[in-house]
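Novice: Chains as they are written, first to last, in our numbering: chain A, 1425 to 1773; chain B, 13 to 304.
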């Protein structure tokens, strides 16, 4: 019997060893939980240098992981997190967020009014736009001519057999298939989601890898010829790989927005406000945009950007693309339908 | 220096009590929590809700989960076999190194088996990406030596997943094997040779049965984790295949169906318990036969 118990005990050790260490506690400390590769180190150093507030920084690679952790901890443990719009609406509905104190955010005035007051958070009571961006098509032009790709449907071509990278994100992958079929990326009708699933089954032989930690890596490793990845990832990859082209498909991009929010049970909401206000400063927002290549919602920062970056079509989709594109939003309980088909897709049945 | 009986019984109480408390807190309690969660219902705003039901276990009978389980089983069985084929000769040579002539070789080699544990397995998996990728170390080597005329496409294939799982779990096979081979009484082998048994016959009739407990322990330690190491197919296999581990992870994170994830996890625990029982029933018999 004892030996029988030894095995799970060893397994428990194995699991425990792979968990990250928990952050430390302190008075002048702000706990910032952000997406991976979503903030230049220099920004945090600058913040600590100017304000004396220490930042304990940790990262996640999916909204779901962040949400589950926050929910488990009862909203404690972090002072600032960066959910996507559709998770802001969920967290707001579930009372997980602290209303923002605008008096502590004088830099609010820099934000683009076009990106404020959206249905997921009317009046921006709880959330501040951090970055937005979109999924489009990236192509390695040493393998495929960029001109030959104009539409999401091109990814279904047989010549891309075993040569694509897609984000390992069910909303992104299904959104792409739905757009290709002419539907909204926020579809909740199970019949249409199933139709998208069938289209994805046909696409699967072309998929070499799913990757959302760092979708640019398969391009840099020369493992893929094309793929549907985030514009910022493509911009970052272009710095190392001149042959990478980024194309906004005819159907429009799949846009999303990530927003800064303070969990209701945050230990240090004042420092979190200080950090938000710092991130809203034009020079800081500019640093972030220059390094990440995601469009900044900060109008003042955009004016500061070098002309080449401001007019970069990968970073800033042209007006005709914006007109055709839509932002990702919450699909409510339909997430279970998506998940069922996502699992079936991955399990191959 | 004999301890007084009362001291010894105190020590025994403390030692046994400590171990039992440890098992209670870190083994029994978490498993009971998972069992409880598996019986709850899925909630929209909360992770777990009432009423209690066996609904999640019913869900495990769906063709979707059966397919995932079957795929994982093949992958886990393959990995176990690979680890055994690679690990047994290694453990055997390690345990049979002449102690007198090479006193330092054995501890050194054991240390080399254990050293990878000092690095996070996720980091070691990413390191494998750099070895296996099209322009990676392995292809450079093969091309440089003229063993391949064009780069092999290894990354994001099942082969890469097997390599990753075998590499990560090999020490779990080697260590129990080493422990049981080292205990092997060499006089038994000499006696068998004296009585005219050929080397292969000695191996199959004496060595294998006597080291069967090590083989069984090693196989269990490899088989079960290979169901669950979801990050290896994610990173090396291109996240195209679902393991039971990926399925469980998805239930907890993306689908927010904790009862179903817990039920799948309980199923793995049950499989493991079953294997443990089979092993306890079989391995003493294997030893018995030889001793007679």
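Quick reminder that beta carbons are idealized off the backbone N, C-alpha and C, glycines included. Just so it is clear, the structure is predicted and the values come from calculations on it, not from any experiment.
Check whether the Cβ atoms of residue 242 of chain B and residue 257 of chain B sit closer than 8 Å, and answer yes or no.
Specialist: Indexing the second chain from 1 puts residue 242 of chain B at position 230. Indexing the second chain from 1 puts residue 257 of chain B at position 245. Their beta carbons are under 8 Å apart, which means residue 242 of chain B touches residue 257 of chain B by this criterion.
Novice: Considering only the alpha carbon of each residue, which of A:1747, A:1717 and A:1682 lies closest to residue 1734 of chain A?
Specialist: Translated into the one-based positions of the first chain, residue 1734 of chain A becomes position 310. That would be A:1717, whose Cα lies nearest to the Cα of residue 1734 of chain A.
Novice: In chain order, what residues of the region 1602–1631 of chain A put their CB closer than 7 Å to some CB of chain B?
Specialist: Taking 7 Å as the Cβ-Cβ cut-off against chain B, the residues of the region 1602–1631 of chain A that qualify are 1631.
Novice: Show which residues of chain A have a CB atom less than 9 Å away from the CB atom of residue 25 of chain B.
Specialist: The residue you call residue 25 of chain B lines up with position 13 of the second chain. Near residue 25 of chain B there are no residues of chain A at all, since even the closest Cβ is about 16 Å away, more than 9 Å.
Novice: Strictly below 8 Å CB to CB, what residues from chain A border residue 73 of chain B?
Specialist: Position 61 of the second chain, counting from 1, holds the residue named residue 73 of chain B. Those do not exist, as residue 73 of chain B stays about 14 Å from chain A at its closest Cβ, beyond 8 Å.
Novice: Counting only beta-carbon separations shorter than 8 Å, does residue 1761 of chain A have a partner in chain B?
Specialist: Residue mapping note: residue 1761 of chain A aligns to position 337 of the first chain, counting from 1. Not one chain B Cβ lies under 8 Å of residue 1761 of chain A.
Novice: Relative to the C-alpha of residue 164 of chain B, which candidate in B:174, B:153 and B:100 has its C-alpha closest?
Specialist: Your numbering for residue 164 of chain B matches position 152 in the second chain. Checked all of B:174, B:153 and B:100; the closest Cα to residue 164 of chain B is B:153.
Novice: Can you name the residues that DSSP bridges to residue 1521 of chain A?
Specialist: Locating residue 1521 of chain A in the first chain gives position 97, where the first residue counts as 1. Residue 1521 of chain A pairs with A:1687.
Novice: With a threshold of 16 other CB atoms inside 10 Å of the CB of residue 1744 of chain A, please say whether the residue is buried or exposed.
Specialist: Position 320 of the first chain, counting from 1, holds the residue named residue 1744 of chain A. Exposed is the call here.
Novice: Using 7 Å as the cut-off, classify the Cβ of residue 1514 of chain A as near or not near the heavy atoms of the ligand FMN, replying yes or no.
Specialist: Ligands in the displayed structure: none, and consequently the ligand FMN is not present.
Novice: Using a Cβ-Cβ distance under 8 Å, would residue 1544 of chain A count as near chain B?
Specialist: Taking the first residue of the first chain as 1, we reach residue 1544 of chain A at position 120. Judged by the 8 Å Cβ criterion, residue 1544 of chain A is not in contact with chain B.
Novice: When the distance is taken between beta carbons, is residue 1651 of chain A closer than 8 Å to residue 1752 of chain A?
Specialist: Looking up residue 1752 of chain A in the first chain gives position 328. Looking up residue 1651 of chain A in the first chain gives position 227. It is not a contact, given that the beta carbons lie outside the stated cut-off.
Novice: Skipping 5 residues on each side, what residues in its chain have a beta carbon closer than 6 Å to that of residue 1531 of chain A?
Specialist: Mapped onto the first chain, residue 1531 of chain A falls at position 107. Excluding sequence neighbours, residue 1531 of chain A sits near 1701, 1704 and 1705.
Novice: Counting along the chain, where does the beta strand (DSSP E) carrying residue 1677 of chain A start and finish?
Specialist: Within the first chain, numbered from 1, the residue matching residue 1677 of chain A stands at position 253. Neither: residue 1677 of chain A is in no beta strand (DSSP E) and is coded neither H nor E.
Novice: For residue 1646 of chain A, which of A:1679, A:1720, A:1565 and A:1712 has the nearest alpha-carbon?
Specialist: Along the first chain, one-based indexing puts residue 1646 of chain A at 222. Of A:1679, A:1720, A:1565 and A:1712, the residue nearest in Cα terms is A:1565.
Novice: Tell me whether residue 1749 of chain A is buried or exposed, calling it buried when 16 or more other Cβ atoms sit within 10 Å of its Cβ.
Specialist: Translated into positions along the first chain, residue 1749 of chain A becomes position 325. Buried, since its Cβ has 16 or more Cβ neighbours within 10 Å.
Novice: Find the nearest neighbour of residue 1592 of chain A within the set A:1634, A:1609, A:1678 and A:1663, judged by alpha-carbon distance.
Specialist: If you number the first chain from 1, residue 1592 of chain A lands on position 168. Comparing Cα-Cα distances from residue 1592 of chain A to each of A:1634, A:1609, A:1678 and A:1663, the minimum goes to A:1634.
Novice: Answer yes or no: does any C-beta atom of chain A fall closer than 8 Å to that of residue 277 of chain B?
Specialist: Position 265 of the second chain holds residue 277 of chain B. Chain A, which has no Cβ nearer than 8 Å to the Cβ of residue 277 of chain B, makes this no.
Novice: Need the endpoints of the beta strand (DSSP E) that residue 1457 of chain A sits in, please.
Specialist: Position 33 of the first chain holds residue 1457 of chain A. Unbroken beta strand (DSSP E) run through residue 1457 of chain A: 1453–1459.
Novice: Which residue wins for smallest C-alpha separation from residue 1655 of chain A, given the options A:1561, A:1726 and A:1573?
Specialist: For this step, residue 1655 of chain A is matched to residue 231 along the first chain. Closest option to residue 1655 of chain A, Cα to Cα, is A:1561.
Novice: Taking contact to mean at least 3 C-beta pairs separated by less than 8 Å, is the region 1666–1679 of chain A in contact with the region 1550–1559 of chain A?
Specialist: Touching, yes, given that three or more Cβ pairs across the two stretches are closer than 8 Å.
Novice: For residue 1553 of chain A, does the three-state DSSP call read helix, strand or coil?
Specialist: Taking the first chain and counting its residues from 1, the one referred to as residue 1553 of chain A is at position 129. Note: residue 1553 of chain A maps to strand in three-state DSSP.
Novice: Taking C-alpha atoms, which residue in B:192, B:219, B:75 and B:136 lies nearest to residue 205 of chain B?
Specialist: To locate residue 205 of chain B, count along the second chain from 1; it is residue 193. Nearest C-alpha to residue 205 of chain B: B:219.
Novice: Less than 8 Å between CB atoms is the rule here; does residue 194 of chain B satisfy it with respect to chain A?
Specialist: In the second chain, counting from the first residue as 1, residue 194 of chain B sits at position 182. It does not: the Cβ of residue 194 of chain B has no partner Cβ on chain A nearer than 8 Å.
Novice: What are the start and end residues of the beta strand (DSSP E) that includes residue 1653 of chain A?
Specialist: Here residue 1653 of chain A refers to the residue found at position 229 when the first chain is read from its first residue. Per DSSP, residue 1653 of chain A belongs to the beta strand (DSSP E) from 1650–1654.
Novice: Which residues bound the alpha helix (DSSP H) around residue 1590 of chain A?
Specialist: Start at 1 with the first residue of the first chain, and residue 1590 of chain A comes out as number 166. Not the alpha helix (DSSP H): residue 1590 of chain A falls in the beta strand (DSSP E), residues 1588–1590.
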